[in-house]
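Asker:
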Amino acid sequence: MSYLILGVGYFFAFVGEISFVYFVDILGEESSPILSEISFLILYVLILIHLAINIRYFADRLVLYQKVLLGVIPIAMILTYSFLLFDTGNVDDFELPYSLVAISLSSLTVSFAVVGFTLFKQTALMIAWFLLLVGMFAGSVGDIANYYLVAIGDFNSISNYSTTLWITSNAIVIYALYRHQRTV
362 MSYLILGVGY FFAFVGEISF VYFVDILGEE SSPILSEISF LILYVLILIH LAINIRYFAD
422 RLVLYQKVLL GVIPIAMILT YSFLLFDTGN VDDFELPYSL VAISLSSLTV SFAVVGFTLF
482 KQTALMIAWF LLLVGMFAGS VGDIANYYLV AIGDFNSISN YSTTLWITSN AIVIYALYRH
542 QRTV
């Protein structure tokens with residue numbers, strides 16, 4: 362069931378990418394279409410559900426430090442983005458709430474991957490969860506870079522940094538899922 366949920370999530374990522382390419386690259390609109398943004402938020406939620414199902418399947422309860430990690434990692438990543446953004450002095454009141462939600466969800470995927478890794482570090486699933494953690498972290502760094510570069514208006518660097526991190530993230534996550542499926 363969790364893989365079906367993840368597959369649906371990546372379908373939403375596909376819809377988001379297609380709508381982004383159509384509206385921004387083909388039609389030449391300046392801002393990202395709302396369909397893309399909503400699709401990516403749905404992707405994050407479905408990734409979180411996938412991770413939670415897998416963690417819950419293998420562990421009945423989390424210990425205190427794992428619960429703390431679920432909160433500390435997103436807070437650290439959100440604060441990092443916020444300090445970078447407010448340091449520029451270029452805060453868009455319309456873009457800020459969405460970017461904070463997107464970075465919050467993205468950083469939650471990292472914290473869930475860290476907790477999963479701590480659960481499986483002494484098992485055959487250790488490599489798969491480590492790769493998943495690296496992939497989720499690369500995607501989150503790509504998200505932070507993207508929203509920061511949009512805020513400072515450096516649209517040329519987005520494709521150099523963010524897109525590279527997102528593609529790397531997806532490649533690593535796909536391989537991690539393959540390793541996980543083979544191991545289970």
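Using my numbering, the first residue of the sequence shown is number 362, and each one after it goes up by one.
Here a beta-carbon is modelled for each residue, glycine too, at the ideal position from N, C-alpha and C.
#1: Just to confirm, are ILE464 and ILE439 a CB contact at a threshold of 7 Å?
#2: Less than 8 Å between the CB atoms is what I'm expecting for MET497 and ALA532, so what's the real figure, rounded?
#3: If you compare alpha carbons, which of ILE403, VAL511 and LEU494 is closest to PHE481?
#4: Kindly indicate the opening and closing residues of the alpha helix (DSSP H) around SER472.
#5: Which ranges does the alpha helix (DSSP H) cover as unbroken runs of at least 4 residues, wholly within the region 478-542, from first to last along the chain?
#6: Just to check my reading of the structure: ILE414 and SER363 have Cβ atoms closer than 8 Å, yes? What is that Cβ distance to the nearest angstrom?
#7: Tell me the DSSP secondary structure of VAL369 in three-state form.
#8: Can we say the region 499-512 touches the region 431-450, given the rule of at least three CB pairs closer than 8 Å?
Answerer: This is what the structure holds:
#1: Contact: yes.
#2: Going by Cβ atoms, the distance from MET497 to ALA532 rounds to 13 Å, so no, they are not a contact pair.
#3: For PHE481, the closest alpha carbon among the candidates ILE403, VAL511 and LEU494 is that of LEU494.
#4: 456-481 is the span of the alpha helix (DSSP H), which, as asked, contains SER472.
#5: Segments of the alpha helix (DSSP H) lying fully in the region 478-542: 487-513.
#6: ILE414 to SER363, Cβ: 4 Å. Contact.
#7: If DSSP states are grouped into helix, strand and coil, VAL369 belongs with the helices.
#8: Judged by Cβ distances under 8 Å, the region 499-512 makes contact with the region 431-450, as three or more pairs qualify.
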